[in-house]
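Student: Would you mind keeping the following structure in view while I ask a few things?
Residue numbers (full-length UniProt numbering): 1 to 716.
Take a look at the structure:
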């Protein structure tokens, strides 16, 4: 079946809210208000406002018939492309009216999704001159997005590359004439970001460039995950148009220099600029040109080596307290070449770090600055301003800055002991014992909001603090001699408080981090015994099952048997949970149930093998505990893939229930910014030693064949 063309007469079109449109109406911003369309552009190429004409009645009827035809499923695959092509041909000259019609725009999206490349490019070239107006309309923006997604599907076809490039070039040339309105429009900005991604060759639905989740950002800042911009993302890229990307970004920057202050603080233009910077990540030449412009630097200062005028620097720092610009600054600091980062630290941000850290939005800029420091010298400058401010920052609820500082000190191996000391001092006083340190950090908000801090006590039933949990996990990565107050504190906790912490996903991660730390075996077991009688209960919980596993590996033979007996009592119920089979298999509960003597012999043999290995590699406490961590990793490696799948579920639930800002005041100033992460294990890994341990253990264990067979099954 073919749909022929029809006569051209009057209309019954609807606006983007489903109401009848007037005979002529100026393009709106999609909210019913008249748009300040193109008003900022002042040169001779300024475009006149686009006037929307009525859709002729017969045209509306024609596209209604097309929509009904597709909905009836009466078109086969071969006919569909032909019908789409004919219908798009009918749309020629009326693209704006049809794309911005609330009802017909949906049909137009279907046509663009089903047509061939020639018809698609013909449609885009036909409306290239009015693409900004289409993109800034609520309905039209969806049409433009659909067209770009359809183009992206053809990009890998080498024969189609030239025609797609020419089509995109026409669109880019129109946009760079006056990009400001498009960048600052809630609909247009999203279309523009999709166009940037298309030019780069990034999938249009890529979350990495449409705004990474706060949890991912925080994971990168706390050394829990490598930045996606640092890795090799080439495998995720499609064929791109690098020259067009450069042309589009540079054209946008050149045309909007005079309006940079507006762009800095506008939430939609900020998103466009963030996307552009991420896409240019690694292209130092382009970034060295673009970033100074974004910061308000002028050519004269750059030519004289001044980087930025002091007055402008003060205004720029003040703008960082605005939500939109603080987001943009985070990306700038992430992608900036080292020389430019150093200039921003020494000439723009120096002596302003504590002021920014104190602000609900500005503190995120400081977190990004700390996390993306390139050298130890840069870290020294940051420490000079913030190293003595731990107590002040925690009082203001800026625990994210503290967490970033601790992670950076670990990364550069500088001020590590000072970090631990400063944090302990911030949550206590010299006259108090160390036992209160860990509980107070677990409940940071509760403690610092309490008027009489000396009488503060464990708030039973309250949720533990996300950032406090992450800080403690980081602390337990330090050498044991630096964290003795924290070790004393966590091992001095009441049994009921240890249980409550183990039942809270955030507290459980702290316990796991402690059990993976350099603390002595004796200190670890002192904590584990406080959970006796509750291991079965904990194992039934998704996050608690990991804590049980850590406790088992930290325990001696009697503790391990106590844990096994408790799990045996709930084996039937536990086996029905997602995490249960893995835990039962890892702890070999079936063997314990049927052949307890053989189970004890095997556990004793393992412990003996561990001891022999430690003796061979040295007997000092620090070496022993470090090796213990590696042995734990090795013993868990056989079921690593299964454990990771379960862990993802815990991470997801933790993120969904605990994504928060640093303080309640930040929630008011920055409600949409989520800063939480389900943190990963605190255990470091040394692959060479792990392999040696596994080989040694395999050769020393009576059940070597069964052990290897189990490994093979899990790998399969």
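The beta-carbon is built from N, C-alpha and C at its ideal position, and this holds for glycine as well.
Quick one: residues in its chain with C-beta nearer than 8 Å to the C-beta of residue 283, no 5 flanking neighbours on either side, listed in chain order?
Tutor: Within the same chain, residue 283 has no close Cβ partners at all.
Student: On the three-state DSSP scale, how would you describe residue 463?
Tutor: The answer is coil: DSSP assigns residue 463 none of H, G, I, E or B.
Student: Quick check on the DSSP output: what are the complete beta strand (DSSP E) runs of length 3 or more inside the stretch 486 to 547, in order along the chain?
Tutor: The stretch 486 to 547 contains no whole beta strand (DSSP E) run of 3 or more residues.
Student: Note down, one range per segment and in chain order, each alpha helix (DSSP H) of at least 4 residues found wholly within the stretch 364 to 421.
Tutor: Taking only runs of at least 4 residues, the alpha helix (DSSP H) segments lying wholly in the stretch 364 to 421 are 376 to 386, 390 to 395, 399 to 412.
Student: Could you please give the first and the last residue of the uninterrupted beta strand (DSSP E) stretch that includes residue 169?
Tutor: Looking at the DSSP string, residue 169 is not in any beta strand (DSSP E); the run it does join, the alpha helix (DSSP H), is 161 to 175.
Student: At the level of alpha carbons, what is the spacing between residue 573 and residue 189?
Tutor: Approximately 52 Å between the Cα atoms of the pair.
Student: Give the DSSP-derived three-state secondary structure of residue 52 in the structure shown.
Tutor: Residue 52 falls in the strand class under three-state DSSP.
Student: DSSP state of residue 67, grouped into three classes?
Tutor: Here residue 67 sits in helix by DSSP.
Student: Would you say residue 499 and residue 465 are within 8 Å of each other, going by their C-beta atoms?
Tutor: No, the Cβ-Cβ distance between residue 499 and residue 465 is not below 8 Å.
Student: Out of curiosity, what's the CA-to-CA distance linking residue 153 and residue 116?
Tutor: Approximately 11 Å between the Cα atoms of the pair.
Student: Out of 470, 445, 111, 467, which one is the CA nearest neighbour of residue 459?
Tutor: If we check each option's Cα against that of residue 459, 445 comes out closest.
Student: Is residue 202 buried or exposed, if buried means 16 or more other CB atoms sit within 10 Å of its CB?
Tutor: Its Cβ being crowded by 16 or more others within 10 Å, residue 202 is buried.
Student: Quick check: what's the CA-CA separation for residue 477 versus residue 250?
Tutor: Going from the Cα of residue 477 to the Cα of residue 250 covers about 45 Å.
Student: At what residues does the alpha helix (DSSP H) containing residue 197 begin and finish?
Tutor: Residues 188 to 200.
Student: On the CB-based measure, 16 or more other CB atoms within 10 Å of its CB, does residue 220 come out buried or exposed?
Tutor: Buried: at least 16 other Cβ atoms inside 10 Å.
Student: Within its chain, find whatever has a CB closer than 6 Å to the CB of residue 163; leave out the 5 residues flanking it on each side and keep chain order.
Tutor: If we look at residue 163 and ignore the five residues flanking it on each side, its Cβ neighbours are 121.
Student: Mind the definition here: the stretch 502 to 522 touches the stretch 557 to 567 only if three or more C-beta pairs lie below 8 Å; say whether that holds.
Tutor: Short answer: they don't touch.
Student: How should residue 343 be labelled, buried or exposed, when 16 other C-beta atoms within 10 angstroms of its C-beta is the threshold for buried?
Tutor: Buried: at least 16 other Cβ atoms inside 10 Å.
Student: Within the same chain, show all residues whose beta-carbon is closer than 6 Å to that of residue 358, passing over the 5 residues directly before and after it, in chain order.
Tutor: If we look at residue 358 and ignore the five residues flanking it on each side, its Cβ neighbours are 396.
Student: Just how far apart, CA to CA, sit residue 718 and residue 513?
Tutor: Since the first and last residues shown for the chain are 1 and 716, residue 718 lies out of range.
Student: What's the C-alpha gap between residue 76 and residue 82?
Tutor: Approximately 10 Å, taken between the alpha carbons.
Student: For residue 289 and residue 280, what's the separation of their Cα atoms in angstroms?
Tutor: Taking the straight line from one Cα to the other gives about 11 Å.
Student: If we count the other Cβ atoms within 10 Å of its Cβ and call it buried at 16 or more, is residue 461 buried or exposed?
Tutor: Counting Cβ neighbours within 10 Å, residue 461 comes out exposed, since fewer than 16 surround it.
Student: Can you name the start and end residues of the alpha helix (DSSP H) that residue 268 belongs to?
Tutor: Element bounds for residue 268: 267 to 279.
Student: Work out the CA separation of residue 182 and residue 192 for me, nearest whole Å.
Tutor: Distance between the alpha carbons of residue 192 and residue 182: 7 Å.
Student: Cα separation between residue 537 and residue 580?
Tutor: Each residue's alpha carbon lies about 12 Å from the other.
Student: Helix, strand or coil: which one does DSSP assign to residue 239?
Tutor: Coil.
Student: Using the C-alpha atoms, what's the distance from residue 269 back to residue 124?
Tutor: Going by the C-alpha atoms only, they are around 24 Å apart.
Student: Go ahead and pull the three-state DSSP assignment for residue 285.
Tutor: Here residue 285 sits in helix by DSSP.
Student: Determine the direct distance from the alpha carbon of residue 491 to that of residue 527, and round the result to whole angstroms.
Tutor: Roughly 5 Å between the two C-alpha positions.
Student: If distances are taken between C-alpha atoms only, which option among 273, 240, 457, 439 comes closest to residue 506?
Tutor: Of the candidates 273, 240, 457, 439, the one whose C-alpha sits nearest the C-alpha of residue 506 is 439.
Student: Could you compute how far the alpha carbon of residue 433 sits from the alpha carbon of residue 339?
Tutor: Using only the alpha carbons, I get a separation of about 46 Å.
Student: Are the beta-carbon atoms of residue 151 and residue 196 separated by less than 8 Å?
Tutor: Against a cut-off of 8 Å, the Cβ pair of residue 196 and residue 151 comes out as no contact.
Student: Can you find the residues in the same chain that come closer than 6 Å, C-beta to C-beta, to residue 98, ignoring five residues on each side of it along the sequence?
Tutor: Around residue 98: 91, 104, 108.
Student: When you compare only the Cα positions, how much space is there between residue 389 and residue 421?
Tutor: Going by the C-alpha atoms only, they are around 12 Å apart.
Student: Excluding the five sequence neighbours on either side, which residues of its own chain have a C-beta within less than 6 Å of the C-beta of residue 548, listed in chain order?
Tutor: For residue 548, where only same-chain residues beyond five positions count, the Cβ hits under 6 Å are 535, 538, 539.
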